[in-house]
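Step one of this worksheet: look at the structure below.
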Amino acid sequence: MSSLDFLLDLLFPPKCPFCGRLLEKGALLCRDCRRELPWLSGTAAETQVELTALCVSALRYQDRVRSAVHAYKFRARSARSVPFGVLIAQAVLDHGLTADLVSWPSLSKRRLGQRGYDQAQLLALEVGKRLGLPVLRTLDKADRRAQSELEGEVARRANLLGAYTALAPERFAGKTVLLIDDVVTTGATLSECAKTLRLAGAKEVLCATLAKAGG
Ligand SMILES: [Zn+2]
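Residue numbers for the sequence shown follow the working numbering, so the first one is 1 and each next one is one higher.
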């Protein structure tokens, strides 16, 4: 995304990140989406992710949510990190999660170069701002195939084995880390990140995502 595009996104009247309708001033989403989106609460919002204490999501990954997240990741709609981050922060509060710091599953350098922004990092920054928590890059990622190109949990797990390295673990040793991502599918990515963080000394890892696929 060019800086001009980013400015245009900021200057033009904000649109609903899920359906594109113009929004009333200060609104995050339009009234229809607020009412009709597949919101999750209680245990339906939770995904079992190995080595994490809890993983919660704001929405089910379907229909408008799926296309909005897809646009956010692949069509340079990075301004959507603001409303999406607010919704994730709300899910964290709704489920009573507390953490010492916020982080995210970093992209590899190659993927970051292709996309121009790290979509999970932007979400983590927004969540940290809303929750008043520090946001730290805790993980470095080696270049691997995109998880979205792989079918099935076994292939996804194998692709990630050893992909993440902890960065400066003394900053999070003994602390609870809240990992933020856009979508949780099998949980393979978040679980691999949690394993890396816990082996490096994190006390506990929690996760929150905008959307939850399947189940
Ligand atoms: Zn809408």
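C-beta atoms are modelled at their ideal positions from N, C-alpha and C, and glycine is treated no differently. Note that this is a predicted model, so its numbers are computed, not measured.
Hey, residue i and residue j are a contact pair by Cβ (cut 8 Å); roughly how many whole angstroms apart?
| i | j | result |
| --- | --- | --- |
| residue 57 | residue 47 | 7 Å |
| residue 208 | residue 65 | About 15 Å; that fails the 8 Å criterion. |
| residue 150 | residue 189 | The Cβ separation is near 11 Å, so there is no contact. |
| residue 138 | residue 54 | Actually they are not in contact, since the Cβ atoms of residue 138 and residue 54 sit about 18 Å apart, beyond 8 Å. |
| residue 195 | residue 51 | 5 Å |
| residue 131 | residue 92 | 6 Å |
| residue 122 | residue 101 | No, residue 122 and residue 101 are not in contact; Cβ-Cβ is about 17 Å, not under 8 Å. |
| residue 105 | residue 179 | 7 Å |
Would residue i be called buried (16 or more neighbouring beta carbons within 10 Å of its own) or exposed?
| i | result |
| --- | --- |
| residue 98 | exposed |
| residue 78 | buried |
| residue 80 | buried |
| residue 25 | exposed |
| residue 103 | buried |
| residue 182 | buried |
| residue 126 | buried |
| residue 32 | exposed |
| residue 60 | buried |
| residue 82 | buried |
| residue 177 | buried |
| residue 118 | buried |
| residue 141 | buried |
| residue 148 | exposed |
| residue 191 | buried |
| residue 199 | exposed |
| residue 96 | exposed |
| residue 145 | exposed |
| residue 128 | buried |
| residue 69 | buried |
| residue 74 | exposed |
| residue 120 | buried |
| residue 205 | buried |
| residue 156 | buried |
First and last residue of the alpha helix (DSSP H) that includes residue i?
| i | result |
| --- | --- |
| residue 36 | 31 to 36 |
| residue 192 | 188 to 199 |
Going by DSSP, what residue range makes up the beta strand (DSSP E) through residue i?
| i | result |
| --- | --- |
| residue 154 | Taken as a continuous stretch (DSSP letters only), residue 154 belongs to no beta strand (DSSP E), being part of the alpha helix (DSSP H) at 153 to 160. |
| residue 165 | 164 to 166 |
| residue 204 | 204 to 212 |
| residue 179 | 176 to 184 |
I need the residues with a C-beta less than 6 Å from some heavy atom of ligand 1; please give them in chain order.
Working through the chain, the matches are 16, 18, 19, 21, 29, 30, 32 and 33.
What are the complete alpha helix (DSSP H) segments, minimum 4 residues, inside the stretch 60 to 144?
Here the runs fully enclosed are 63 to 74, 81 to 94, 109 to 115 and 119 to 131.
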